[in-house]
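Have a look at the structure below before the remarks.
See below:
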């Protein structure tokens, strides 16, 4: 009974997230759309608008995931028992972020975003620790965690800029490049540690969007973004080919 309750609770949680995100822009909540607020609180590391369409992919994959985990032959899998109610907790943070962001509580929005990030890290770790997990179970969270990692960097930049921080005298361009490098290092370390090639692809997607946004206007940021995206792609290809070479003798 408890496993069924958890599984159906997960379905209700993801449905609530999708509904809250839809209504926040359809109403709109506090007379603000999520995109309008991103434009209002503009920081150089914010990617072009089309990049945020990744949310559609994330919610689609999460919907498939909750349907998968409620099926009779999957509902009692150890991996879902390990996750417990952490998925519901992550959904609560997601909904909370929409509310605090739309009511322009910037510092609180960062705190909630960090809560979402930490809950996804816990989910990811629990899934990855189960060697018998079905292959698909981890993939949605690789993308979700990757995007929330990027979003946390952007959210941090917004809070710093609009709280009056002077950046220790360095320019916005310098700090943006620094944050891009930090994001790249994070993607490198995560991939080395977890052999996850989906997570860094989210950074590639974001970096290309940042480059496109600044192309022809702030070339130093555009060129840095494109260069780091290419570097990450080459790194992913290298790690993937190395892993293939390791596995090949085991299969023959």
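In the numbering used here, the protein residues as written are -9 to 242.
Glycine included, every Cβ here is placed at the ideal spot set by N, Cα and C.
Values in this document were obtained by computation on a predicted structure and should not be read as measured data.
So for residue i, helix, strand or coil by DSSP?
| i | result |
| --- | --- |
| residue 233 | helix |
| residue 42 | helix |
| residue 116 | helix |
| residue 174 | helix |
| residue 103 | helix |
| residue 50 | helix |
| residue 21 | helix |
| residue 74 | coil |
| residue 65 | coil |
| residue 128 | coil |
| residue 33 | coil |
| residue 122 | coil |
| residue 109 | helix |
| residue 153 | coil |
| residue 94 | coil |
Just to confirm, is the Cβ distance from residue i to residue j under 8 Å?
| i | j | result |
| --- | --- | --- |
| residue 197 | residue 219 | yes |
| residue 208 | residue 34 | yes |
| residue 138 | residue 173 | no |
| residue 217 | residue 200 | no |
| residue 149 | residue 84 | no |
| residue 36 | residue 4 | no |
| residue 155 | residue 44 | no |
| residue 145 | residue 86 | no |
| residue 126 | residue 31 | no |
| residue 88 | residue 11 | yes |
Identify, in the order they occur along the chain, each residue of the same chain with its Cβ nearer than 7 Å to the Cβ of residue i, setting aside the five sequence neighbours on each side.
| i | result |
| --- | --- |
| residue 98 | 90 |
| residue 59 | -3, 0, 65 and 70 |
| residue 80 | 106, 109, 110 and 113 |
| residue 28 | 36 |
| residue 147 | 33, 35 and 169 |
| residue 22 | 92 |
Once you ignore the five residues that flank residue i on each side, which residues in its own chain have a CB closer than 8 Å to its CB?
| i | result |
| --- | --- |
| residue 190 | 136, 177, 178, 180, 181, 222, 225 and 226 |
| residue 48 | 130, 133, 134 and 137 |
| residue 185 | 229 and 233 |
| residue 25 | 15, 39 and 42 |
Once you ignore the five residues that flank residue i on each side, which residues in its own chain have a CB closer than 6 Å to its CB?
| i | result |
| --- | --- |
| residue 19 | 92 |
| residue 116 | 72 and 73 |
| residue 51 | 130 |
| residue 94 | none |
Quick check: is any heavy atom of the ligand GTP less than 7 Å from the C-beta of residue i?
| i | result |
| --- | --- |
| residue 140 | The ligand GTP is not part of the structure shown, which contains no ligands of any sort. |
Can you confirm whether the region 152 to 169 touches the region 6 to 23 when touching is taken to mean that 3 or more C-beta pairs between the two stretches lie within less than 8 Å?
no
Run through the region 155 to 223 for me and flag every whole alpha helix (DSSP H) of 4 or more residues, listed as ranges in chain order.
Runs of the alpha helix (DSSP H) inside the region 155 to 223: 162 to 184 and 189 to 204.
Three or more beta-carbon pairs under 8 Å between the region 105 to 124 and the region 74 to 84, yes or no?
yes
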